[in-house]
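Comments concern the structure below.
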Amino acid sequence: MDQASVLREIRRKGAFPSESVSASPAQEKHGRHTARKRVRVLAVTSGKGGVGKTNISANLAYLLSKMKKKVLVLDADAGLANIDVVLGLTPKYNLYHVLSGEKSVRDVIVQGPGGFMILPSASGIQEMSDLSKGHKLTLIDEIKTLQEQVDFMLIDTGAGIAGNVMYFNMAAQEIIVVTSPEPTAITDAYALIKVLHQRHAKEHFRVLVNMVKNEEEAKEVFARLNQATNHFLNVSVEYLGYVMRDECISDSVRQQKPFVSLFPHSPASKCMRTLADKIGREEPEADTAGTFGFFWDAI
Ligand SMILES: Nc1ncnc2c1ncn2[C@@H]1O[C@H](COP(=O)(O)OP(=O)(O)OP(=O)(O)O)[C@@H](O)[C@H]1O
Ligand SMILES: [Mg+2]
Numbered sequence: 632m633d634q635a636s637v638l639r640e641i642r643r644k645g646a647f648p649s650e651s652v653s654a655s656p657a658q659e660k661h662g663r664h665t666a667r668k669r670v671r672v673l674a675v676t677s678g679k680g681g682v683g684k685t686n687i688s689a690n691l692a693y694l695l696s697k698m699k700k701k702v703l704v705l706d707a708d709a710g711l712a713n714i715d716v717v718l719g720l721t722p723k724y725n726l727y728h729v730l731s732g733e734k735s736v737r738d739v740i741v742q743g744p745g746g747f748m749i750l751p752s753a754s755g756i757q758e759m760s761d762l763s764k765g766h767k768l769t770l771i772d773e774i775k776t777l778q779e780q781v782d783f784m785l786i787d788t789g790a791g792i793a794g795n796v797m798y799f800n801m802a803a804q805e806i807i808v809v810t811s812p813e814p815t816a817i818t819d820a821y822a823l824i825k826v827l828h829q830r831h832a833k834e835h836f837r838v839l840v841n842m843v844k845n846e847e848e849a850k851e852v853f854a855r856l857n858q859a860t861n862h863f864l865n866v867s868v869e870y871l872g873y874v875m876r877d878e879c880i881s882d883s884v885r886q887q888k889p890f891v892s893l894f895p896h897s898p899a900s901k902c903m904r905t906l907a908d909k910i911g912r913e914e915p916e917a918d919t920a921g922t923f924g925f926f927w928d929a930i
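Written as structure tokens, this is what we have:
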């Protein structure tokens, strides 16, 4: 599908009910602020690379869109194994074109399976790995135009504690730290939480344990991480869930489709459905609910 037909398709499905983002008559009547829709911004992040962030983001986005939620995945990783590759998409434009002012987000967004939206990242462009203040302001302006069309924005970040990873975690209301059971992944998850807390005052984290043999292993991994954060840091760390190690994931990456759609009965897919149900049903806390305003604070 070419870019124009993708956008037509998105509009047909109602993701972009109108080109303009002006308030509806009802919104004008009740005042813009009271009518403003809630958007949940969740960062999917990790200390160590390769623990499954991109696959989890793509499959979570797919399942949330099946639950009739409007989902945007912002691919915030300037690395190479990006969500468009995992899903077999070949976007013409990417975040770089938005930040350089050449394109609007609406020109750049592509539609993923199940109808969720993807803002693809610019791989391998040096300036994308540490956004300037000007770029951040442009990004905020552009993202804000999507406010009415998005229920969930998932930010698939790079791994580690580099500038951009910190920025996107700061910009999110909720931080999902993904780890695998590997000791290095757990210690890197701890290091990430520590930096986000000590340098950026983040206090609440949710932990998702990927690539486990069973639920017991996930709980053990969480317990180890939780023990360290409890002991050394003044943060709250919540167990969000787990995803089983499952060969169907590499099969689905090869086939460039979400594993939850290709192998719905696989153990990993069952875990992902539990996760999506949980996230999809919960209401954001009042003080964190709202607009894309968090992006302002993160600058
Ligand atoms: N639950 C799982 N079971 C088996 N393999 C998995 C699982 N989750 C992810 N993988 C595999 O691990 C590899 C890394 O996954 P993915 O690219 O999603 O990680 P990432 O955290 O986004 O990596 P990066 O830090 O490079 O962005 C992929 O080859 C994927 O197929
Ligand atoms: Mg990734």
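Everything in the sequence shown is counted per my numbering, starting at 632 for the first residue and increasing by one.
Glycine included, every Cβ here is placed at the ideal spot set by N, Cα and C.
Computed from a prediction, not measured in an experiment: that's the story for all the values here.
Assigned exposure category for residue i - 16 Cβ within 10 Å defines buried
{"i": "residue 659", "result": "Residue placement at residue 659 is poorly supported in this model, since its pLDDT is 41, which falls under 50; the coordinates are not used for a value here."}
{"i": "residue 696", "result": "buried"}
{"i": "residue 858", "result": "exposed"}
{"i": "residue 678", "result": "buried"}
{"i": "residue 908", "result": "exposed"}
{"i": "residue 662", "result": "Bear in mind that the predicted position of residue 662 carries a pLDDT of just 42, short of 50, making it unreliable; the figure below should be weighed with that in mind. Residue 662 comes out exposed."}
{"i": "residue 676", "result": "buried"}
{"i": "residue 673", "result": "buried"}
{"i": "residue 913", "result": "exposed"}
{"i": "residue 832", "result": "exposed"}
Check whether residue i and residue j have beta carbons under 8 Å apart
{"i": "residue 749", "j": "residue 755", "result": "no"}
{"i": "residue 729", "j": "residue 685", "result": "no"}
{"i": "residue 846", "j": "residue 867", "result": "no"}
{"i": "residue 817", "j": "residue 785", "result": "no"}
{"i": "residue 885", "j": "residue 694", "result": "no"}
{"i": "residue 682", "j": "residue 881", "result": "no"}
{"i": "residue 687", "j": "residue 809", "result": "yes"}
{"i": "residue 787", "j": "residue 706", "result": "yes"}
{"i": "residue 774", "j": "residue 822", "result": "no"}
{"i": "residue 752", "j": "residue 770", "result": "no"}
{"i": "residue 887", "j": "residue 671", "result": "no"}
Proximity test, residue i beta-carbon vs ligand 2 heavy atom, cut-off 7 Å
{"i": "residue 877", "result": "no"}
{"i": "residue 684", "result": "yes"}
{"i": "residue 708", "result": "yes"}
{"i": "residue 715", "result": "no"}
{"i": "residue 787", "result": "yes"}
Residues of its chain near residue i, where Cβ-Cβ distance is below 6 Å and the 5 sequence neighbours each way are ignored
{"i": "residue 877", "result": "897, 898, 899"}
{"i": "residue 837", "result": "807, 869, 871"}
{"i": "residue 910", "result": "none"}
{"i": "residue 740", "result": "748, 750"}
{"i": "residue 796", "result": "788, 789"}
{"i": "residue 782", "result": "700, 701"}
{"i": "residue 800", "result": "674, 676, 806, 827"}
Nonlocal neighbours in the same chain, by C-beta distance under 8 Å from residue i, ignoring five residues either side
{"i": "residue 794", "result": "760, 761, 762"}
{"i": "residue 879", "result": "890, 893, 894, 897, 899, 900"}
Cβ-heavy atom distance, residue i to ligand 1, below 7 Å
{"i": "residue 842", "result": "yes"}
{"i": "residue 880", "result": "yes"}
{"i": "residue 745", "result": "no"}
{"i": "residue 719", "result": "no"}
{"i": "residue 874", "result": "yes"}
{"i": "residue 931", "result": "The requested residue 931 does not occur in the structure, where the chain is confined to residues 632 to 930."}
{"i": "residue 732", "result": "no"}
{"i": "residue 680", "result": "yes"}
{"i": "residue 816", "result": "no"}
{"i": "residue 677", "result": "yes"}
{"i": "residue 803", "result": "no"}
{"i": "residue 820", "result": "no"}
{"i": "residue 790", "result": "yes"}
{"i": "residue 899", "result": "yes"}
7 Å CB neighbourhood of residue i in its chain, flanking five on each side removed
{"i": "residue 848", "result": "812"}
{"i": "residue 825", "result": "864"}
{"i": "residue 853", "result": "838, 840, 870"}
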